[in-house]
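Reviewing the structure listed below.
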Ligand code: CDP
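Residue numbers (the numbering used here): 2 to 796.
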């Protein structure tokens, strides 16, 4: 009767449904200064926590003297690991089955690790108190480089693990080794390239924090938390603390950006909760910027070697990858898939590759733990970077056009659903259409002519054109492949239509700026024929919202959006029966007219009833066979991931005198299936591209040999400003997901995932005529200048 929204049509019938550029409902409060973030939460008797951190990266804690701190007027308590041990809270489990000290028990393993915590009547007193805590350390040699960490005489980071004598954590393999070796033996040509995807940090505008409030009368713990996954955090809080789950309430108010940084549980949360429990007053902990960069989870840090085997015509026959992953001092990567390296497994990208194999080793170092999915699906960013760089390397080896070699190797659109060599079933794609549109839009031939003209004229500035024709994997996930602490990764929605025809929608996913209050209302508006203004979306309170696994890895639309559409269809099903009763016809004689958002009698289009009228009837005149009321809930376990894709083109000018790279054009075509709100998507792409450009050009968390973080604040960790971000052109194609109820795929992370290789490919392309094959990120002027100089291209 109703096959769902038409992919190409702009729907919405004026009510703000699918495809409409509805202005974000949440922006009214944000732009009038009425956002409500964790640090805005104030409670009677609230205390403040400041954490004492180690100045050393590797050291035994010999003693901690609290005396002077306790003498500071206003300091209420000083906590150490010993104090937490009394409550069995000295350690906490990580998301990768490791155990992390909440406060250091014996040995510091990375700089700025949590050693003690001062609780005081205000934030400044807590900080003054922290300065007065005397800690004696015995320093040790540190190791901050994963490769050096695996050398036999490297300092041992984890002597707390029984029988552990090395910094090696695990080896993980995927694909078919033999078939891949055979492909290399038979190949006309093979290429190999080392590359390092540097350590970066999500650096959300709002740092991490919480207000923990133990209610001694009701024995209930309420934690306002900067959380991307409130329900999963409630379960973890309950598991760690032993407080029954129904007595734990996590409230995630407005969240100022997450990008994966707010998925893990951090020691600060546990300390604040423990302090509130012990003292019986609310305790606030909000970290400072440098604490955020230096101690909360980092992203990437993959050293990769890619090898490609191909025919002389450029048809890829095999891909072989070797990775060394730095996981920091604890194995704490926040990735809930069943694979230790998450979705790195998708490293064959958009290409029809018959044989592929990857081996990955992970190592401990004296650096903060991490490996989070910074605006990406669990290592898909590293995978996309690898394959998109390798295709460019191969094109140079064969002296073939980088667009053409992509076209030759694309999975053809007829091949979907496509089974990849590493075991994924890609749901849908049309890569060639996207590439064609991109080439046209940027006038590719014209750009190549200009590039040649500049070379002929020995111009001061070299022109480079870089591509990334990537495939993403989002929507974690089928519960069988993904879980958090055993909880399968479904998501949920509950829709309650009120008598006067407006609705409250509660969802299990958690916005951090993505606009769910608007786009999820649009899904319901589309499915129920209600006006988007009549729908309120709530999330972020575990006492009232249905259980969900949170928002990261662009899973909200694929999973939570699906749950919302299905819940709405359940409402519609019941509404149909009520409509039949109202119109005094049999239910079989009722049809839902999506365009007018009303039920009609078959063959009598003038006889109908709107959803608003049905809502009223459901409370005032419900039929004998139906309960009163109009609501439904859905828990949606997706049958598969969704596989959005893109065709990005970056055009750069490289200054031969200074090594400065100017991004002259960035064109991003994204295909995320059916689009709910094109304006929100465009905003997502703009933000993601800014982060991808920052990765390629500016950002890196660096350390000196002693483990001191040398880029641990915004003076040294170079977040871009509007000045560094070029104009961006966005575009789209629509290839619906065949298994998603509204044909939508995720989009939020595509630009961060897809853009870095396009930019690196462009810079390499500018220097390719001189034999340059690779340059590592971030492509700072001094690094680019050195490569130019080595290639004899400097002026
Ligand atoms: O999980 P997360 O919200 O970060 O990512 P997403 O599912 O890609 O959604 C980001 C924003 O884009 C949400 O507001 C979505 O509803 C919106 N979106 C859309 O309008 N149409 C799509 N096909 C995908 C996302």
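Cβ atoms here follow ideal geometry from the backbone N, Cα and C, with glycine treated the same way. For clarity, every value in this text was computed on a predicted model and none was experimentally measured.
| Query | Result |
| --- | --- |
| State the start and end residues of the unbroken beta strand (DSSP E) segment that holds residue 284. | 284-287 |
| Quick one: is residue 356 buried, meaning 16 or more other Cβ sit within 10 Å of its Cβ, or exposed? | buried |
| Pull up the distance between the alpha-carbon of residue 217 and that of residue 250, whole angstroms please. | 14 Å |
| At the level of alpha carbons, what is the spacing between residue 473 and residue 639? | 16 Å |
| For the beta strand (DSSP E) holding residue 215, just list the boundary residues, first then last. | 210-216 |
| I'd like the list of long-range same chain contacts for residue 11, defined as Cβ closer than 6 Å, with 5 residues on each side in sequence excluded. | Because the pLDDT at residue 11 is just 49, under 50, the model does not fix this residue reliably, and the value given afterwards should be weighed accordingly. Around residue 11: 20. |
| Mapping the DSSP letters down to three states, classify residue 165 as helix, strand or coil. | coil |
| According to the Cβ coordinates, are residue 290 and residue 343 closer than 9 Å? | no |
| So residue 1 packs on residue 376, CB below 8 Å; how close in whole Å? | Nothing can be reported for residue 1: it is not among the residues displayed for the chain, which extend from 2 to 796. |
| Just checking: is the beta-carbon of residue 568 within a distance shorter than 9 Å of some beta-carbon in chain C? | Of the protein chains in this structure there is only one, and it is not chain C. |
| Hey, would you say the C-beta of residue 746 is under 8 Å away from at least one heavy atom of the ligand CDP? | yes |
| Jot down the residue ranges of each uninterrupted beta strand (DSSP E) in the region 517-601, minimum 3 residues, whole runs only, in chain order. | 536-539, 591-594 |
| Can residue 567 be considered in contact with the ligand CDP, in the sense that its beta carbon sits closer than 8 Å to one or more heavy atoms? | no |
| Name the DSSP beta bridge partners of residue 304, please? | 197, 325 |
| Compute the beta-carbon to beta-carbon distance between residue 369 and residue 329, rounded to the nearest angstrom, for a pair I have assumed lies under 8 Å. | 5 Å |
| Taking only heavy atoms of the ligand CDP into account, decide whether any of them is closer than 8 Å to the Cβ of residue 293. | no |
| Would the beta-carbon of residue 483 be found less than 8 Å away from any heavy atom of the ligand CDP? | no |
| Give every residue of the same chain whose Cβ lies closer than 7 Å to the Cβ of residue 156, excluding the five residues on either side of it in the sequence, and list them in chain order. | 59, 141, 142, 143, 144 |
| Can you confirm whether the region 603-615 touches the region 719-731 when touching is taken to mean that 3 or more C-beta pairs between the two stretches lie within less than 8 Å? | no |
| Within the present structure, is the beta-carbon of residue 382 separated from the nearest heavy atom of the ligand CDP by less than 8 Å? | no |
| If I'm right that residue 678 touches residue 523 with Cβ under 8 Å, what's the distance once you round it to whole angstroms? | 6 Å |
| Any heavy atom of the ligand CDP closer than 8 Å to the Cβ of residue 554? | yes |
| Should residue 676 be counted as a contact of the ligand CDP given a C-beta to heavy atom distance under 8 Å? | yes |
| Does DSSP put residue 787 in a helix, in a strand, or in coil? | helix |
| In whole angstroms, what is the alpha-carbon distance linking residue 187 and residue 663? | 41 Å |
| Consider the C-beta atom of residue 385 and the heavy atoms of the ligand CDP; say whether any pair is separated by less than 8 Å. | no |
| Which stretch, first to last residue, makes up the beta strand (DSSP E) that contains residue 363? | 356-364 |
| Pop quiz: residue 708 and residue 367 are said to be a contact at Cβ under 8 Å. What is the actual Cβ separation, rounded to whole angstroms? | 5 Å |
| Distance, Cα to Cα, residue 780 vs residue 265? | 30 Å |
| For a test of your reading of the model: does the CB of residue 521 fall under 8 Å from any non-hydrogen atom of the ligand CDP? Yes or no. | yes |
| Just to confirm, does residue 681 get its C-beta within under 8 Å of one of the non-hydrogen atoms of the ligand CDP? | yes |
| At which residues does the alpha helix (DSSP H) containing residue 621 begin and terminate? | 612-621 |
| Anyone know if the C-beta pair for residue 732 and residue 438 falls short of 9 Å? | yes |
| Flag this pair as yes or no: are the beta carbons of residue 465 and residue 766 separated by less than 9 Å? | yes |
| Quick check on residue 512: buried or exposed, where buried means 16 or more other Cβ atoms within 10 Å of its Cβ? | buried |
| Only counting the same chain, and skipping five residues up and downstream in sequence, which positions put a Cβ closer than 7 Å to that of residue 793? | 771 |
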